[in-house]
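Structure record follows, encoded as structure tokens.
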Amino acid sequence: MLGTVSGTSQPSCSRIIEEVSSVLQTHARERIRFPTDLGERETVSHAFYRVAALPNVIGIVDGSHVLIKAQTDHGDSGYFRAPYLAIPFSRRAVLSIEQQLFNTALTKTRSAVERCIGLWKCRFRSMHKSGGDLCYEPGKVCKLITASIVLHNYCLDAGIPLLDADENELENIICDLVDEVD
Numbered sequence: 005m006l007g008t009v010s011g012t013s014q015p016s017c018s019r020i021i022e023e024v025s026s027v028l029q030t031h032a033r034e035r036i037r038f039p040t041d042l043g044e045r046e047t048v049s050h051a052f053y054r055v056a057a058l059p060n061v062i063g064i065v066d067g068s069h070v071l072i073k074a075q076t077d078h079g080d081s082g083y084f085r086a087p088y089l090a091i092p093f094s095r096r097a098v099l100s101i102e103q104q105l106f107n108t109a110l111t112k113t114r115s116a117v118e119r120c121i122g123l124w125k126c127r128f129r130s131m132h133k134s135g136g137d138l139c140y141e142p143g144k145v146c147k148l149i150t151a152s153i154v155l156h157n158y159c160l161d162a163g164i165p166l167l168d169a170d171e172n173e174l175e176n177i178i179c180d181l182v183d184e185v186d
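Heads up: the sequence shown begins at 5 in this note's numbering, then just goes up one per residue.
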């Protein structure tokens, strides 16, 4: 689209995208991070506690699908689990009241990250399935994802609103994210 609107050739657009995403990626550590000092952690923890009375939460992690060109030489792999990551109890098991309450609180808390990812995908449509496949090799897609998150976080910090965003569109993207998990 950039080339069509500006009259820039496809190779020039590719070079510009590569150079800009490389520069943005160098800012990832300062723009994509968990709270570092005690005061920051306490502020975030209190905010999460107000959502669902879930104590000691300082961050939330979720995943999302970004369509890329299919790779033929990579199989499926699991995801990292650690003792400090809270995961819901299986819905296939008979759950105690406490486990059900924990799952409910975790779901309420998780909706914050789904909304965050939804806003990001609304701002950068190439990351949502409505934007089509990213026809790049996985390493370049990772760089583009990181660069877009750096820009998105900058926009949030600077108070820059989404362009042409309406709540229905955002809610549809968030529903897509929930469907990815379920």
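Quick reminder that beta carbons are idealized off the backbone N, C-alpha and C, glycines included. Since the structure is predicted, the reported quantities are computational estimates derived from the model, not experimental observations.
In terms of alpha-carbon separation, which member of the options lies closest to residue i?
{"i": "tyrosine 53", "options": "Gly122, Gly11, Asp41, Thr113", "result": "Thr113"}
{"i": "leucine 124", "options": "Leu155, Pro59, Val48, Thr30", "result": "For the record, residue 124 in the displayed sequence is tryptophan; it is not leucine. Comparing Cα positions, the closest option is Leu155."}
{"i": "glutamate 46", "options": "Glu34, Val55, Pro59", "result": "Pro59"}
{"i": "threonine 111", "options": "Val55, Thr40, Val48, Ser130", "result": "Val55"}
{"i": "alanine 109", "options": "Thr30, Val61, Ser152, Arg119", "result": "Val61"}
{"i": "aspartate 161", "options": "Glu102, Glu34, Gly122", "result": "Glu34"}
Rounded to whole angstroms, what's the CA-CA distance from residue i to residue j? Just pull it up for me.
{"i": "proline 165", "j": "alanine 97", "result": "43 Å"}
{"i": "asparagine 157", "j": "isoleucine 36", "result": "8 Å"}
{"i": "glycine 11", "j": "cysteine 17", "result": "10 Å"}
{"i": "glycine 67", "j": "valine 117", "result": "9 Å"}
{"i": "glycine 63", "j": "glutamate 22", "result": "30 Å"}
{"i": "glycine 43", "j": "alanine 51", "result": "12 Å"}
{"i": "phenylalanine 93", "j": "valine 9", "result": "50 Å"}
{"i": "arginine 127", "j": "leucine 167", "result": "7 Å"}
{"i": "phenylalanine 38", "j": "glycine 163", "result": "20 Å"}
{"i": "phenylalanine 106", "j": "proline 15", "result": "52 Å"}
Can you tell me which of the three DSSP states residue i falls into?
{"i": "leucine 167", "result": "coil"}
{"i": "arginine 37", "result": "coil"}
{"i": "histidine 31", "result": "coil"}
{"i": "serine 13", "result": "coil"}
{"i": "aspartate 66", "result": "coil"}
{"i": "asparagine 107", "result": "helix"}
{"i": "serine 100", "result": "coil"}
{"i": "histidine 50", "result": "helix"}
{"i": "leucine 148", "result": "helix"}
{"i": "histidine 132", "result": "coil"}
{"i": "arginine 114", "result": "helix"}
{"i": "serine 94", "result": "coil"}
{"i": "asparagine 157", "result": "helix"}
Exposed or buried, which one is residue i when buried takes at least 16 other CB atoms within 10 Å?
{"i": "isoleucine 187", "result": "This structure cannot speak to residue 187, because the chain is shown only from 5 to 186."}
{"i": "serine 25", "result": "buried"}
{"i": "arginine 19", "result": "exposed"}
{"i": "cysteine 139", "result": "exposed"}
{"i": "isoleucine 149", "result": "buried"}
{"i": "histidine 132", "result": "buried"}
{"i": "valine 70", "result": "buried"}
{"i": "leucine 28", "result": "buried"}
{"i": "glycine 143", "result": "exposed"}
{"i": "valine 65", "result": "exposed"}
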